[in-house]
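To start, the structure under review is shown below, and the notes come after it.
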Amino acid sequence: MVMIEATVVDPTHLELAQPIAALRGQTILVSVADMLGEDSERRDWLDVSTISLQAAYGDSEPDYSPSMVKENNPDYVA
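Read the sequence shown against the numbering used here and you will find it ends at 890, with the numbers running on by one and no gaps.
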């Protein structure tokens with residue numbers, strides 16, 4: 813599949829940002845992403861993620877000091 817940006821000229825015409833390998837009159841398939849609903853769906857996913865993180869790392873989670881670490885991770889750089 814090839815993804816190419818296009819500008820909407822009017823409701824039935826697009827202007828491609830670059831040429832495609834298609835002959836005049838040839839039928840092609842165009843997939844249009846619903847950009848209007850994307851923000852609300854993304855916001856919903858972020859809200860669910862935030863709730864999950866708050867449950868995993870809530871106020872009741874104890875603080876761990878560096879002195880409590882038994883074995884340092886040699887790949888970790890602070």
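Cβ coordinates follow ideal geometry from the N, Cα and C atoms, glycine included.
Since the structure is predicted, the reported quantities are computational estimates derived from the model, not experimental observations.
What separation, rounded to the nearest whole angstrom, lies between the Cα atoms of residue 819 and residue 853?
Taking the straight line joining both Cα atoms gives about 24 Å.
Range of the contiguous beta strand (DSSP E) that encloses residue 875
Counting along the chain, residue 875 falls outside any beta strand (DSSP E), and DSSP gives it neither H nor E.
Pull the bridge partners of residue 834 from the DSSP assignment, please.
Residue 834 is not bridged to any residue.
Quick one: Cα of residue 836 to Cα of residue 821, how far?
When rounded, the distance between both Cα atoms is 18 Å.
For residue 822, write down the residues that DSSP places opposite it in a beta bridge.
Per DSSP, 825.
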